[in-house]
Each structure stands twice: as C-alpha cells, then as structure tokens.
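These protein sequence lines are chains A and B, in that order. Read in order, the letters of the first sequence correspond to residues 2 to 142 in our numbering. Read in order, the letters of the second sequence correspond to residues 2 to 142 in our numbering. Following: one structure in structure tokens, then a few remarks.
Protein chains: 2
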Amino acid sequence: MKVDEAELILQLRAKGISPSPQRLAVYGFLKANPIHPTADVIMKELKPLLPTLSLTTVYNTLKLFVSKDLVHEVIIEDGELRFDADLCDHAHFKCTGCDKVFDLFPQKGKPVMEKLPELPQGFTVTGVHVCLRGKCSECGN
Amino acid sequence: MKVDEAELILQLRAKGISPSPQRLAVYGFLKANPIHPTADVIMKELKPLLPTLSLTTVYNTLKLFVSKDLVHEVIIEDGELRFDADLCDHAHFKCTGCDKVFDLFPQKGKPVMEKLPELPQGFTVTGVHVCLRGKCSECGN
DNA sequence: TCCTTGAATTGAAATAACTACAATTATAAA
DNA sequence: TTTATAATTGTAGTTATTTCAATTCAAGGA
Chain A
2 MKVDEAELIL QLRAKGISPS PQRLAVYGFL KANPIHPTAD VIMKELKPLL
52 PTLSLTTVYN TLKLFVSKDL VHEVIIEDGE LRFDADLCDH AHFKCTGCDK
102 VFDLFPQKGK PVMEKLPELP QGFTVTGVHV CLRGKCSECG N
Chain B
2 MKVDEAELIL QLRAKGISPS PQRLAVYGFL KANPIHPTAD VIMKELKPLL
52 PTLSLTTVYN TLKLFVSKDL VHEVIIEDGE LRFDADLCDH AHFKCTGCDK
102 VFDLFPQKGK PVMEKLPELP QGFTVTGVHV CLRGKCSECG N
C-alpha cells in the first residue's frame, strides 16, 4: 500500500497529534504494512530510514497513537503487543504454524460478532476483540 | 466453589498428569476461584499453604496443564498470561474500571460466536478467543 | 537574528513477566 | 534398600516494556 505523506499529516492533525518525522514514519509504516507489527519490528524496519530513532520513541509514539485512537492495540499472544492502523471492525487469525496474523473482515456493514454474548445488568461494552487460531492454507493441517 | 480433592486427582489422572501436592493445589485453586488468575496471583495465594512452593513450579505446572488441555490460557491484556480451568466455550469481559475479568457464557448449546467470520480457502480453525472490554455495573459508565 | 519556552526525542537504567538450567528432593519400581 | 525417574526448587538469565533525566528541536516574541 502506497501512502501519501500529506495525507498522513492530515490524519495525525485530525487527532490532535503534531506530525514529527518519527511519528510520520511510524504511522506511515503501520498504514503501509498491515502486518500488526510489534514495537520491535517497527524499530528494526525504520532504523535504516531514521538512524537516530530510539526504541523509547517508538513506544512513546505508539502509546500516544493509541491514547488518541489513531491506532488500535492488538493482543494476540502474551508478551508481544501488536499495533494496527486499520480501525475498521475486524477479527484476527493467528496461524499456529507460521505465526503470521491475518485480518478477517466481516461482510460489508456487518459487525464481526453478529450477536454479542448476553451481558449482566449494568455492563457496557466499549470494544470487542476476536482472535481465531488455527492453520493457514500454507501451513496445512 | 468447594472442590473435592479425590475428584481433582481423578481429573488430573484422566489427562495423564500425576497428582503431586503442588499440582493439586494449583488445579484446586483454579477450580475453586474462577477469577482467571495470573501465575503471580496463584503463587501469592498458595504460598501460605505450601511454604516451599516456588514460582518456577507454578509456571511449570500451568504450562503442563495447558499442554495436556486441562486448563486454557486466557489472553486479556499484554504482559499477563491468565489461566482458566473452565473449558466450556465462553467469552470474557474485562472491566476497564476495576480490571476484573468476568465470564460470559452463551445460551445453552450455542457457541460464543454464532457465525465465524469467513475464512480464506484452506484455513482451519482450532480455537476462538473473544474478549469484550467495557465497564461493569460496579464501575458505572 | 537571538532568546526563550515547551514539546519531542534520546539513551541508560530499572522493572516485570517469564524461562533455562543445574541441583536437590520426592516417588515408585525392582 | 537400592536405583531410576520424575518433580520441585532457587538462581540467574532473557525479553518486552517503562521510567527518567538530559538533550535536541521548533515556534513565537523581543
């Protein structure tokens, strides 16, 4: 996916985030690579482009993005927090063979969960995480 | 929930796990306290009862239980692996106010997800994780 | 242009969850 | 009782993430 920098700047501004080079790089990477990368992966990929980039900045930036609702945290496995710039309602599929994480988009207009489980009185929902596990077509079964 | 020790021993044996005092204590705690505890919580709770218990044993034991499909791992937040001795298909609800994790059971006989998202050709599913986030009745909204 | 101020970035050190490993202890079979 | 195997333990890692103080950057006013 090719991403226009001017467009990225507008999207950051729209969420009240001033667009520093580091922030643009992280957001641009997430937009261009819907692979749900960890902070570590982002760091490794961007380091050649921004040699001064520090891991702390990557963490700071991601935390800022999450707090401003520009990207979502994706929790697939313990011990690795992943990030997703696609804010549409969708589920994830983790292949237990190759460890890749795939997006599963519902049919247009439908939510990922047709019907939410019944909630106790007084409970309110703000988010739904759905992650399937199994084998992708490459890894067979 | 009161749990009979003889019953626990049978359940361990049924999965090919020899019932040491430590294993019985961990499994009994999980059965009696459906609070999806972390290894750390289990350790803190059991230490007074088994003063020699080590954290390594708790981790070993939980990993063994998971590999023998006696308990399930529950992934709610990053950085903390939780465990659940209830093997029925059910969803979880994490209150972002008090951080408690609640069970959400579907109607009898129904799966948690009525309809799975459409999968690409050749993909096979072995497990479904569903976790809602929001506020419980105590924490209001 | 220079100065000031606050925001953003950085690196080093700390923390937390978890794992590896070698030594000890318990269990069970011969 | 001896022996072999399994389970437990403590210590010392490892890895992901956070804290924090110092530095750098960028914008606005004198």
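For every residue, glycine included, the Cβ atom is placed at its ideal position computed from N, Cα and C.
Span of the alpha helix (DSSP H) around residue i
i, result
"B:Asp-41", "40 to 47"
"B:Leu-9", "6 to 15"
"B:Val-27", "22 to 33"
Beta-carbon contacts of residue i that lie in its chain and below 6 Å, excluding the five residues immediately before and after
i, result
"B:Phe-66", "Val-72"
"B:Tyr-28", "Leu-9"
"A:Lys-32", "Val-4, Ala-86"
Neighbour flag for residue i against chain B, beta carbons, 8 Å
i, result
"A:Gly-98", "no"
"A:Ser-68", "no"
"A:Leu-158", "No statement about residue 158 of chain A is possible, as the shown extent of chain A runs from 2 to 142 and does not include it."
"A:Val-113", "yes"
"A:Ile-76", "yes"
"A:Leu-82", "yes"
"A:Phe-30", "no"
Own chain, CB closer than 7 Å to residue i, minus 5 neighbours either side, in chain order
i, result
"B:Lys-101", "Cys-137"
"A:Phe-30", "Ile-43, Glu-46, Leu-47"
"B:Pro-22", "Leu-51"
"B:Ala-26", "Leu-47, Leu-50, Leu-51"
"B:Glu-74", "Val-67, Leu-82, Phe-84"
"A:Arg-24", "Leu-13, Ile-18, Thr-62"
"B:Cys-99", "Cys-137, Glu-139, Cys-140"
"A:Val-113", "Asp-90, His-91, Ala-92, Pro-107, Val-129, Val-131"
Start and end residues, beta strand (DSSP E) containing residue i
i, result
"A:Cys-132", "125 to 136"
Cut-off 8 Å between Cβ atoms - residues of its own chain near residue i, not counting five sequence neighbours on either side
i, result
"A:Leu-133", "Ala-92, His-93, Phe-94, Lys-95, Leu-105"
"A:Val-126", "Leu-117, Leu-120"
"B:Pro-20", "Leu-9, Ile-10, Leu-13, Arg-14"
"B:Ile-77", "His-37, Arg-83, His-93, Lys-95, Val-102, Cys-132"
"A:Arg-89", "It should be pointed out that residue 89 of chain A corresponds to Cys in this sequence rather than to Arg. Correct list, in chain order: Phe-106."
"B:Leu-54", "Gln-23, Ala-26, Met-44, Leu-47, Lys-48"
"B:Ala-40", "Leu-56, Val-59, Tyr-60, Leu-63, Leu-82, Phe-84"
Min CB distance residue i to chain A below 8 Å
i, result
"B:Arg-24", "no"
"B:Val-59", "no"
"B:Val-56", "Looking at the sequence itself, residue 56 of chain B is Leu, so the reference to Val does not match. No, its Cβ sits nowhere closer than 8 Å to a Cβ of chain A."
"B:Asp-85", "no"
"B:Cys-137", "yes"
"B:Lys-116", "yes"
"B:Asp-5", "no"
"B:Asp-79", "yes"
"B:Ala-92", "yes"
Distance cut-off 7 Å: residue i Cβ against heavy atoms of the ligand NAD
i, result
"A:Leu-71", "Judged by which ligands are present, the structure shown has none, so any question about the ligand NAD falls away."
Sequence ranges, beta strand (DSSP E) only - wholly within the segment 67 to 114 of chain B, length at least 3 = 73 to 78, 81 to 85, 92 to 96, 102 to 105
request  = Please list the residues of the segment 121 to 133 of chain A that have a C-beta atom closer than 9 Å to any C-beta atom in chain B, keeping them in chain order.
outcome  = Pro-121, Gln-122, Gly-123, Phe-124, Thr-125, Val-126, Thr-127, Gly-128, Val-129, His-130, Val-131, Cys-132, Leu-133
ask   = What residues from the segment 35 to 51 of chain A come within 7 Å of chain B, judged by C-beta to C-beta, listed N to C?
value = Taken residue by residue, none of the segment 35 to 51 of chain A has a beta-carbon sitting less than 7 Å from a beta-carbon on chain B.
query = Along the segment 8 to 22 of chain B, what residues have a CB closer than 8 Å to any CB found in chain A?
reply = none
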